[in-house]
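Numbering (our numbering), first residue to last: 4 to 406. These notes concern the structure reproduced below.
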Ligand SMILES: *Cc1c(COP(=O)(O)O)cnc(C)c1O
C-alpha cells in the first residue's frame with residue numbers, strides 16, 4: 004500500500020499494513036492472496052468465523068425485505084431474539100443497541116434509575132475494578148479509570164469508585180450510602196485476559212445482596228459462548244442483575260445488548276432511554292442466526308472441548324519455552340499468553356512475528372498475547388496455531404543465542 008494509505012482516516016489507530024479481502028471460516032485472505040489463521044476474530048466479534056453460510060443467508064434474506072424501521076414500531080425479529088436470550092440466561096428483559104460502550108452506558112443508567120424509582124435517588128455511585136475496560140465514551144472511560152484513556156479529555160464523569168480487581172476487602176471498603184451497583188468483567192479482556200476468581204464473583208453477589216446493590220457485569224467480550232458457556236458468570240454459578248454484551252452477539256454485525264431482570268430494569272420505562280439504530284430488523288435477523296448456532300445441541304460443549312485442548316497445548320508451549328512465555332490464563336476460547344518481560348520478550352513484537360508466519364492474534368495489557376479464535380475452530384486449527392507459536396518461540400530463543 005502507498006505511504007498515503009488511509010491519510011484521510013482520523014489518526015486514532017496504529018494499523019498494520021495489511022488489508023484483508025475476504026474471510027473463509029477461520030481464515031482471512033489478504034489482497035495479495037495470502038492466507039492467515041484468524042485467532043483474534045476481529046477482537047472476539049467474528050464468533051462463528053467469516054462468511055458463515057447460516058449468517059450470510061440470514062443477512063441477505065433480511066436485506067431484501069427490510070433493514071430499518073426505528074423503535075416506533077414493533078420489530079418481531081427483536082421480540083423473538085429477546086425472548087431467546089432471556090430463555091438462555093438469568094434475564095427477563097433485553098435492550099438492544101449497537102456497541103459495547105453503548106450497552107455499558109445504558110446499563111449504568113439502568114442501575115442509577117433502578118434506585119431512583121425505588122425512592123433511593125442518593126444511590127448512584129458504582130464500584131468498578133482496576134484494569135477494567137468498558138469502552139471509549141466519557142462515562143465508560145471514567146468507569147474503567149485507566150489513565151491512558153482519560154488523558155486530555157477533561158474532568159471524568161463522576162460516580163465511579165475503582166478498587167483492585169479481585170480484592171473483596173477493597174470492594175467492601177468502597178461500598179457506601181451512595182453505592183448503587185458493582186460493575187465487573189468476569190474476565191478482563193483488554194486488561195490482560197485476567198479471569199476473576201469464581202469465589203470473588205460469588206462474594207460480589209453476596210455483598211450486593213447484603214447492601215441492596217445491583218451486580219452488573221460487562222460480558223461484552225467474554226459472553227455469547229466465548230468461555231464454553233453462554234455467559235461467563237455461569238461458571239461461578241451466580242445470577243447477576245444485569246449484563247452488558249456486544250462483540251460476538253452479532254457475529255460481525257454491529258450489535259450490543261443489555262440483559263436484565265425485571266426488578267433491575269424497573270426504572271426503564273417509555274422515554275427514559277433509547278437508540279435510533281438499536282435492534283433494527285437487519286441486526287435482529289443476524290442476531291437470531293448467531294443464536295441458532297450457539298444454541299445448537301452440543302455446540303457450546305464443543306467449544307469447551309476444543310478450548311481445553313488448546314489450553315493444554317499452550318501449557319506445554321509455556322513449559323517448553325519458559326524464557327519466552329511466563330504463563331497462560333483465561334477461560335474457554337478467551338486465552339492470554341503472558342510474555343516473559345523479564346527476558347525482554349515484548350508482546351507486540353511477537354504478535355508481529357506471528358502475523359508474518361500466518362497467525363493473527365491481538366495484544367492486551369500486562370504483556371499478553373490474546374487468543375480469541377472463532378468458536379468454530381477445530382482440532383486441526385489448534386495444531387496449526389501451535390506449530391506457528393512453537394516456531395516463533397524457537398526463533399526468539401535462537402535470536403537470543405546468536406546475540
Ligand atoms: C470491547 C469492549 C467494550 C467496548 O465495546 P465497543 O463495542 O468497542 O464499544 C466494553 N467492554 C469490554 C469488556 C470490551 O471488551
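Glycine included, C-beta positions come from ideal geometry on N, C-alpha and C.
Beta strand (DSSP E) containing residue 211: first to last residue?
No beta strand (DSSP E) contains residue 211, which is instead part of the alpha helix (DSSP H) from 201 to 214.
Report all residues from its chain with a CB closer than 8 Å to the CB of residue 211; omit the five preceding and five following residues, and keep chain order.
184, 185, 217, 218, 244
Below 7 Å between beta carbons: does that hold for residue 286 and residue 328?
no
What three-state label does DSSP hand residue 483 in the structure shown?
This structure leaves residue 483 out entirely; the chain is present only between 4 and 406.
Given 8 Å as the limit, is there contact between the stretch 270 to 280 and the stretch 53 to 64, that is, 3 or more CB pairs closer than that?
no
Hey, could you find the ends of the beta strand (DSSP E) residue 221 is sitting in?
217 to 221
Provide the residue span of the alpha helix (DSSP H) that contains residue 111, from first to last.
103 to 120
Quick one: residues in its chain with C-beta nearer than 7 Å to the C-beta of residue 120, no 5 flanking neighbours on either side, listed in chain order?
269, 270
Under three-state DSSP, which class holds residue 4?
Because residue 4 sits at a pLDDT of 48, beneath the cut-off of 50, its placement in the model cannot be relied upon, and the point is left open.
Suppose the cutoff is 6 Å on Cβ atoms and the five residues either side in sequence are ignored; what does the same chain contact list for residue 346 look like?
326
Does DSSP classify residue 409 as helix, strand or coil?
A question about residue 409 goes unanswered here, because the residues of the chain that appear run from 4 up to 406.
Might you give, ordered along the chain, the residues of its own chain that have their beta carbon closer than 6 Å to the beta carbon of residue 148, omitting 5 neighbours on each side?
165
Looking at the strands, I want to know which residues DSSP matches up with residue 132.
166
Do the stretch 376 to 396 and the stretch 309 to 328 touch if we need at least three Cβ pairs shorter than 8 Å?
yes
Cutting at 6 Å between CB atoms, please list the residues of its own chain near residue 178, excluding the five before and the five after it.
214
Sorry if obvious, but does the Cβ on residue 102 come closer than 6 Å to a heavy atom of ligand 1?
yes
Kindly confirm or deny that the stretch 139 to 159 and the stretch 237 to 253 touch, where touching means at least three C-beta pairs closer than 8 Å.
no
Can you tell me which of the three DSSP states residue 2 falls into?
There is no way to answer for residue 2, as the model of the chain reaches only from 4 to 406.
Would you check whether ligand 1 has a heavy atom nearer than 6 Å to the C-beta of residue 223?
yes
Could you give the distance in angstroms between the alpha-carbon of residue 128 and the alpha-carbon of residue 234?
25 Å
What are the uninterrupted segments assigned as beta strand (DSSP E) that are 3 or more residues long and contained completely in the stretch 316 to 360, given in chain order?
328 to 334, 337 to 342
Does DSSP classify residue 272 as helix, strand or coil?
coil
Should the stretch 225 to 233 be regarded as contacting the stretch 70 to 78, the criterion being three or more beta carbon pairs within less than 8 Å?
no
Excluding sequence positions up to five away, which residues of its chain have a Cβ less than 6 Å from the Cβ of residue 132?
168, 187
Nearest to residue 85 (by Cα), restricted to the options 136, 262, 246, 242:
262
Contact check, residue 33 vs residue 21 under 8 Å by CB: the rounded distance?
5 Å
Give the DSSP-derived three-state secondary structure of residue 452 in the structure shown.
Nothing can be reported for residue 452, as the shown portion of the chain is limited to 4 through 406.
Compute the Euclidean distance between the alpha carbons of residue 322 and residue 334, then round it to the nearest angstrom.
19 Å
Express the C-alpha separation of residue 110 and residue 77 in angstroms, rounding to a whole number.
22 Å
Suppose you measure from the CA of residue 340 to the CA of residue 42; what does that come to, to the nearest Å?
13 Å
Residue 184: first and last residue of the uninterrupted beta strand (DSSP E) it sits in
182 to 187
Leaving out five residues on either side along the sequence, give the residues of the same chain with a beta carbon under 7 Å from the beta carbon of residue 193.
136, 367, 368
As assigned by DSSP and simplified to three states, the class of residue 100
strand
Using the C-alpha atoms, what's the distance from residue 307 back to residue 50?
14 Å
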